[in-house]
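Novice: Protein chains in written order, with my numbering: chain A, 284 to 702; chain B, 284 to 702.
Please find one structure pasted underneath; my questions will follow.
2 protein chains.
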Amino acid sequence: MAVEKHIIKMAQAAKQAAHELSLVSTGTKNAALRKMAHALVRRKSYLISENKKDLKVAEKGNYSKALIERLRLNDKVIKEMAKCLIATAHLKDPVGAVLTSFKRPNGLLIKKVRTPIGVIGIIFESRPNVVSDCVGLCLKSGNAVILKGGREAFYSNKAIFQVLRDALQGTGVPPEAVYLISSVDREAVNVLLKLDKYIDLIIPRGGEGLIEFVAKHSRIPVIKHYKGICHVYVSDHADLNKAHNICYNAKVQKPGVCNAMESMLVHKDAAIRFLPGMVNDLKKAGVEIRGCPVTRRIIKKGIKKASNKDWETEYLDLILSVKVVAGTQEAIGHINTHGSHHSDAIVTENRKEAEEFLKSVDSACLYVNASTRFTDGYQFGFGAEIGISTDKLHARGPMALEELTTYKYLVFGKGQIRT
Amino acid sequence: MAVEKHIIKMAQAAKQAAHELSLVSTGTKNAALRKMAHALVRRKSYLISENKKDLKVAEKGNYSKALIERLRLNDKVIKEMAKCLIATAHLKDPVGAVLTSFKRPNGLLIKKVRTPIGVIGIIFESRPNVVSDCVGLCLKSGNAVILKGGREAFYSNKAIFQVLRDALQGTGVPPEAVYLISSVDREAVNVLLKLDKYIDLIIPRGGEGLIEFVAKHSRIPVIKHYKGICHVYVSDHADLNKAHNICYNAKVQKPGVCNAMESMLVHKDAAIRFLPGMVNDLKKAGVEIRGCPVTRRIIKKGIKKASNKDWETEYLDLILSVKVVAGTQEAIGHINTHGSHHSDAIVTENRKEAEEFLKSVDSACLYVNASTRFTDGYQFGFGAEIGISTDKLHARGPMALEELTTYKYLVFGKGQIRT
Chain A
284 MAVEKHIIKM AQAAKQAAHE LSLVSTGTKN AALRKMAHAL VRRKSYLISE
334 NKKDLKVAEK GNYSKALIER LRLNDKVIKE MAKCLIATAH LKDPVGAVLT
384 SFKRPNGLLI KKVRTPIGVI GIIFESRPNV VSDCVGLCLK SGNAVILKGG
434 REAFYSNKAI FQVLRDALQG TGVPPEAVYL ISSVDREAVN VLLKLDKYID
484 LIIPRGGEGL IEFVAKHSRI PVIKHYKGIC HVYVSDHADL NKAHNICYNA
534 KVQKPGVCNA MESMLVHKDA AIRFLPGMVN DLKKAGVEIR GCPVTRRIIK
584 KGIKKASNKD WETEYLDLIL SVKVVAGTQE AIGHINTHGS HHSDAIVTEN
634 RKEAEEFLKS VDSACLYVNA STRFTDGYQF GFGAEIGIST DKLHARGPMA
684 LEELTTYKYL VFGKGQIRT
Chain B
284 MAVEKHIIKM AQAAKQAAHE LSLVSTGTKN AALRKMAHAL VRRKSYLISE
334 NKKDLKVAEK GNYSKALIER LRLNDKVIKE MAKCLIATAH LKDPVGAVLT
384 SFKRPNGLLI KKVRTPIGVI GIIFESRPNV VSDCVGLCLK SGNAVILKGG
434 REAFYSNKAI FQVLRDALQG TGVPPEAVYL ISSVDREAVN VLLKLDKYID
484 LIIPRGGEGL IEFVAKHSRI PVIKHYKGIC HVYVSDHADL NKAHNICYNA
534 KVQKPGVCNA MESMLVHKDA AIRFLPGMVN DLKKAGVEIR GCPVTRRIIK
584 KGIKKASNKD WETEYLDLIL SVKVVAGTQE AIGHINTHGS HHSDAIVTEN
634 RKEAEEFLKS VDSACLYVNA STRFTDGYQF GFGAEIGIST DKLHARGPMA
684 LEELTTYKYL VFGKGQIRT
């Protein structure tokens, strides 16, 4: 009950602060972002010492090496966080932009203008730099934000948050526009998800369990940042050299992220030419291959049998499922059925085939002759990102400043009435 | 359980049909809309005789006159329904439109294009013309639709739906792209709201009870079409003649709709000049006035005392709450606190004051010197509308074809990989 009361008070104050923030000038917001960036660098030894407490728990708890690395704060990571805040200050303020403007026959002038959404709740796991990235993007887009991190980064999140909030004092941006729920219980999330009176949007970023819990219990609109089961389809019309480079990059360059390839589909007429060299290089890079029966007939040794579950698994690791398909239609059907509608690529030199793929695959980002690894706000030129939406509503794919806004219609009249 | 199985089958078939429909050409969709329009007119005697069954139940059940009128199908209403389908055929197809297109320094060409959302569930009450309006807009925007109407229009909804679906045969638009759940139990709604695997969006249109039920139980994203507690604020800088006409129009012209004024706010320095004449004319039109203490001091007779509940009530009737306020800030605070973020107006000749109002009031549509009654897809020039969203996410205010779409990013490369 104490937690519940505390979170309700927080949400009420955030709502009030969101209203104030919606009226704050771009210059004031930018100055606040710069002040926060400098504060992070100035107080880095404090941040690193708090981070050590989390690392100690993680090491004792036998967390995976990858997770411990994601948790670690050092000079370089803190500088990156500060740089991201400065970069966000340089981005164009989306608030107030006129999206369309038109005059009606009765003389009414209608303008559709961007406005902040209001109060945004972000529920995330592991990486503590999410705190500063999200605070920066939310404040710049005029939104208040309530953060809820995971148990594994308890001390780090709290320290970063405190440094950022302290820096807001006297900037003109109300410090009540940013909150961190320090309780690590899922019960706190459950309380948050019921506060549709004060909170306008929930963004969950994390594992399957978290996302499903949020989707099930939220009374607030949710934009899910869910898994990426990304495919590359190598057509029989592919330039196999390009295909080789793209598949290698999509799997090997950074396997632990949502835009990495998890499943490779190969046209039956390209398979014999393409697979042996490809599989050889992937194996050299340490990739475990799980193949369909045809794949295992072409490459006799060292390929595990792919189970049905493999086609729907986000490995986030050096593992790849491989399937030989009869043609583009089978590839499209497989991706729409087993994928997660995140990022999928076709490698082909046939324009008509590419168009068919682009039209029929129901994913946020579709690639022709390029690696799926480009699905990223920075790579798209958005400057920064809050994450990658796997939902279809409001925002899809990389989410940055514009995606954190809504709009309202302003109608200018001279006394018009409806007849 | 039989109902549940039936609805799941429906949703699965709709999902498959949505995929097929997303590939159908504009010309084919338009021809299907025209064929549906002609079928409605040709089979009007069947529609009217089925409608009589609903009217009979309604009359026995002592439904309000207004409700019975909303239910009634006659020659004129059926012609209007057909006209709306024809008009929708004339609207520009939103699918495939390129929203932005940009090239990245590494040569990647990125296009953001509109696509259908997928399967849309629409849960509505009373007016049977919703069936044809929604079928027309959803099909034109490439979406499959599952409709669930209210008990009061059981026979009418079923008849209209059957005529429309029969008309789809042989058009190239799959008939499985439209479904009507004929069960009138709320349990059927509950089943529908859990099918996030197949359904992409739920739009509830109706009373408070329905909207709250949907918001509470849905696992699918919801865009609510909720109540309109609309305000007109008459400033001390208003042209009082304009103010008089606007307030009269907003309250009296069609009091039973969501964009009608429910609360009138008047600046204290304008109240003595403005209120007596205004109240007099409203009373002549049969409007019951519920006033704040100052209002009742200015007009001594015939004004009921407004309770706190009045400020948050959507009367949908010839009733008006009236409050005298100290200035623009109080008006803004009152609207943001007690309103429903639908449509609110200021009457003023002072540009700075108007700007303050437009910036600070958190509503979908804001008016300067015009009646709130213009919040309507047709009045905004959108050709038709699925309704008025009172939510902030994905779509806000009048929703038409564009608001029924999402987008995807198409990325064209020449073998680019991420380094």
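For every residue, glycine included, the Cβ atom is placed at its ideal position computed from N, Cα and C.
The structure presented is a predicted model; accordingly, all values stated were derived computationally and were not measured.
Quick one: measure Cβ to Cβ for SER646 (chain A) and HIS624 (chain A), integer angstroms, because I've assumed they're closer than 8 Å.
Specialist: Walking along the first sequence from the start, residue 646 (chain A) turns up at place 363. Walking along the first sequence from the start, residue 624 (chain A) turns up at place 341. So it is a contact: roughly 5 Å between Cβ atoms.
Novice: Mind listing which residues of the stretch 491-507 of chain B have their C-beta closer than 7 Å to chain A's C-betas, in chain order?
Specialist: Result list: ALA498, LYS499, ARG502, PRO504.
Novice: What is the DSSP secondary structure of VAL630 (chain A), reduced to helix, strand or coil?
Specialist: Numbered from 1 along the first sequence, position 347 holds the residue referred to as residue 630 (chain A). Three-state result, VAL630 (chain A): strand.
Novice: Which residue or residues does DSSP assign as beta-bridge partners of LEU693 (chain B)?
Specialist: Your numbering for residue 693 (chain B) matches position 410 in the second sequence. Answer by DSSP bridge pairing, in chain order: A:LEU649, B:LYS394.
Novice: Check the Cβ of THR311 (chain A) against every Cβ in chain B and list those closer than 8 Å, keeping chain order.
Specialist: Within the first sequence, residue 311 (chain A) is the residue found at index 28, counting from 1. None at all; the shortest Cβ gap to chain B is about 15 Å.
Novice: Which residues in chain B sit within 7 Å of ILE393 (chain A), going by Cβ to Cβ distance?
Specialist: Position 110 of the first sequence, counted from the first residue, corresponds to residue 393 (chain A). Within 7 Å Cβ-Cβ: PHE663.
Novice: In chain A, which residues lie less than 8 Å from SER694 (chain B) when you measure between Cβ atoms?
Specialist: Taking the second sequence and counting its residues from 1, one reaches residue 694 (chain B) at position 411. One detail in the question is off: residue 694 (chain B) reads as Val in this sequence, not Ser. Those within 8 Å of VAL694 (chain B) in chain A are CYS648, LEU649, TYR650, VAL651, ALA653, PHE657.
Novice: Would you list, in chain order, the members of the stretch 672-697 of chain B that have their beta-carbon closer than 9 Å to a beta-carbon of chain A?
Specialist: Hits within the stretch, in order: ASP674, LYS675, LEU676, HIS677, ALA678, ARG679, GLY680, PRO681, THR689, TYR690, LYS691, TYR692, LEU693, VAL694, PHE695, GLY696, LYS697.
Novice: Drop a sphere of 10 angstroms on the beta-carbon of GLU668 (chain A), count the other beta-carbons inside from all chains shown, and report buried for 16 or more, exposed for fewer.
Specialist: Taking the first residue of the first sequence as 1, we reach residue 668 (chain A) at position 385. By the neighbour-count rule (16 or more Cβ atoms within 10 Å), GLU668 (chain A) is buried.
Novice: Looking only at its own chain, which residues have a Cβ that is under 7 Å from the Cβ of THR383 (chain B), when we skip the five neighbours before and after it?
Specialist: The residue given as residue 383 (chain B) occupies position 100 in the second sequence. Counting only Cβ-Cβ distances below 7 Å, and skipping sequence neighbours, we find LYS395.
Novice: With burial defined as no fewer than 16 other Cβ atoms inside 10 Å of the residue's Cβ, what is the status of GLY574 (chain B): buried or exposed?
Specialist: Mapped onto the second sequence, residue 574 (chain B) falls at position 291. Buried.
Novice: Express the C-alpha separation of SER424 (chain A) and ASP376 (chain A) in angstroms, rounding to a whole number.
Specialist: Against the first sequence, residue 376 (chain A) aligns to sequence position 93. Against the first sequence, residue 424 (chain A) aligns to sequence position 141. If I take the Cα positions, the gap works out to 7 Å.
Novice: So, for TYR690 (chain A): in the same chain, excluding its five sequence neighbours on each side, which residues have a beta-carbon less than 8 Å away from its beta-carbon?
Specialist: Counting from 1 along the first sequence, the entry for residue 690 (chain A) is found at position 407. Within the same chain, TYR690 (chain A) has close Cβ partners LEU382, LYS395, VAL396, ARG397, THR398.
Novice: Quick check: what's the CA-CA separation for HIS373 (chain B) versus ALA297 (chain A)?
Specialist: To locate residue 373 (chain B), count along the second sequence from 1; it is residue 90. To locate residue 297 (chain A), count along the first sequence from 1; it is residue 14. Looking at the two C-alpha atoms, the distance is approximately 45 Å.
Novice: Strictly by DSSP, which residues pair up with VAL608 (chain B)?
Specialist: Locating residue 608 (chain B) in the second sequence gives position 325, where the first residue counts as 1. Paired residue(s): B:HIS550.
Novice: Taking 8 Å as the cut-off, decide whether the C-beta atoms of ILE700 (chain B) and ASN532 (chain A) are in contact.
Specialist: Within the second sequence, the letter at position 417 stands for residue 700 (chain B). Within the first sequence, the letter at position 249 stands for residue 532 (chain A). Yes, they are a contact pair.
Novice: Am I right that GLU632 (chain B) and THR611 (chain B) are in contact with their C-beta atoms under 8 Å? What's the rounded C-beta distance?
Specialist: Here residue 632 (chain B) is taken as the residue at index 349 of the second sequence, counted from 1. Here residue 611 (chain B) is taken as the residue at index 328 of the second sequence, counted from 1. Contact flag wrong, Cβ pair sits at about 13 Å.
Novice: Near GLY569 (chain B), what residues of its chain come up, given a Cβ to Cβ distance below 7 Å and the 5 sequence neighbours on each side ignored?
Specialist: Counting from one through the second sequence, the residue named residue 569 (chain B) turns up at place 286. Cβ neighbours of GLY569 (chain B) beyond the five flanking positions: LEU601.
Novice: Return yes when the Cβ of ASP479 (chain A) is within less than 8 Å of the Cβ of ILE503 (chain A), no when it is not.
Specialist: To locate residue 503 (chain A), count along the first sequence from 1; it is residue 220. To locate residue 479 (chain A), count along the first sequence from 1; it is residue 196. In contact: ILE503 (chain A) and ASP479 (chain A) (Cβ atoms closer than 8 Å).
Novice: Say whether chain B places a C-beta atom closer than 8 Å to the C-beta of ARG579 (chain A).
Specialist: Counting from one through the first sequence, the residue named residue 579 (chain A) turns up at place 296. Not an interface residue.
Novice: Strictly below 8 Å CB to CB, what residues from chain A border ASP483 (chain B)?
Specialist: If you number the second sequence from 1, residue 483 (chain B) lands on position 200. Going along chain A in sequence order, the residues near ASP483 (chain B) (Cβ under 8 Å) are LYS675, LEU676.
Novice: Quick one: what does DSSP say SER672 (chain A) is sitting in, helix, strand or coil?
Specialist: Mapped onto the first sequence, residue 672 (chain A) falls at position 389. Looking at SER672 (chain A) - three-state DSSP - the assignment turns out to be strand.
Novice: Quick check: what's the CA-CA separation for ARG317 (chain A) versus TYR462 (chain A)?
Specialist: Position 34 of the first sequence, counting from 1, holds the residue named residue 317 (chain A). Position 179 of the first sequence, counting from 1, holds the residue named residue 462 (chain A). Between ARG317 (chain A) and TYR462 (chain A), the C-alpha separation is close to 19 Å.
Novice: To which residues of the same chain is LEU451 (chain A) closer than 8 Å at the C-beta, ignoring the five residues directly before and after it?
Specialist: For the purposes of this step, residue 451 (chain A) is taken as residue 168 along the first sequence, with counting starting at 1. Within the same chain, LEU451 (chain A) has close Cβ partners ALA315, LYS318, MET319, PRO457, PRO458, ALA460, VAL461.
Novice: Count Cβ pairs between the stretch 477-495 of chain B and the stretch 353-363 of chain B that sit closer than 8 Å; are there 3 or more?
Specialist: Result no; under three Cβ-Cβ pairs closer than 8 Å.
Novice: Identify every residue that forms a DSSP beta bridge with VAL402 (chain A).
Specialist: For the purposes of this step, residue 402 (chain A) is taken as the residue at position 119 of the first sequence. Answer is A:ALA427, bridged to VAL402 (chain A).
Novice: How many angstroms separate the CA atom of SER415 (chain A) from the CA atom of LYS327 (chain A)?
Specialist: By 1-based counting over the first sequence, the position of residue 415 (chain A) is 132. By 1-based counting over the first sequence, the position of residue 327 (chain A) is 44. One C-alpha to the other measures close to 13 Å.
Novice: Helix or strand or just coil, what does DSSP make of SER409 (chain B)?
Specialist: Here residue 409 (chain B) refers to the residue found at position 126 when the second sequence is read from its first residue. In the structure shown, SER409 (chain B) sits in coil (DSSP, three-state: anything other than H, G, I, E or B).
Novice: From ILE443 (chain B) to GLY660 (chain A), what distance separates their C-alpha atoms?
Specialist: Mapped onto the second sequence, residue 443 (chain B) falls at position 160. Mapped onto the first sequence, residue 660 (chain A) falls at position 377. Going from the Cα of ILE443 (chain B) to the Cα of GLY660 (chain A) covers about 46 Å.
Novice: May I have the straight-line CA-CA distance separating HIS508 (chain B) from GLN445 (chain A), to the nearest angstrom?
Specialist: As a working mapping, residue 508 (chain B) is identified with position 225 in the second sequence. As a working mapping, residue 445 (chain A) is identified with position 162 in the first sequence. Between HIS508 (chain B) and GLN445 (chain A), the C-alpha separation is close to 40 Å.
Novice: Which residues, in order along the stretch 447-471 of chain B, keep a beta-carbon less than 8 Å from a beta-carbon of chain E?
Specialist: The displayed structure is made up of protein chains A and B, and chain E is not among them.
Novice: Label GLU686 (chain A) either buried or exposed according to how many other C-beta atoms from any shown protein chain fall within 10 Å of its C-beta, with 16 as the threshold for buried.
Specialist: To locate residue 686 (chain A), count along the first sequence from 1; it is residue 403. GLU686 (chain A) comes out buried.
Novice: Using the Cβ count rule (16 or more neighbours within 10 Å means buried), how would you classify ASN524 (chain A)?
Specialist: For the purposes of this step, residue 524 (chain A) is taken as residue 241 along the first sequence, with counting starting at 1. Exposed, because fewer than 16 other Cβ atoms sit within 10 Å of the Cβ of ASN524 (chain A).
Novice: If you follow the beta strand (DSSP E) that LEU304 (chain B) is in, where does it begin and where does it stop?
Specialist: Your numbering for residue 304 (chain B) matches position 21 in the second sequence. No beta strand (DSSP E) holds LEU304 (chain B); the alpha helix (DSSP H) holding it covers 285-304.
Novice: Kindly give me the distance between the Cβ atoms of ASP627 (chain A) and LEU649 (chain A), rounded to whole angstroms, as I take these residues to be in contact under 8 Å.
Specialist: Counting from 1 along the first sequence, the entry for residue 627 (chain A) is found at position 344. Counting from 1 along the first sequence, the entry for residue 649 (chain A) is found at position 366. Contact holds; Cβ gap of about 6 Å.
Novice: Along the beta strand (DSSP E) that carries TYR516 (chain B), what are the first and last residues, could you check?
Specialist: Along the second sequence, one-based indexing puts residue 516 (chain B) at 233. TYR516 (chain B) -> beta strand (DSSP E) spans 513-517.
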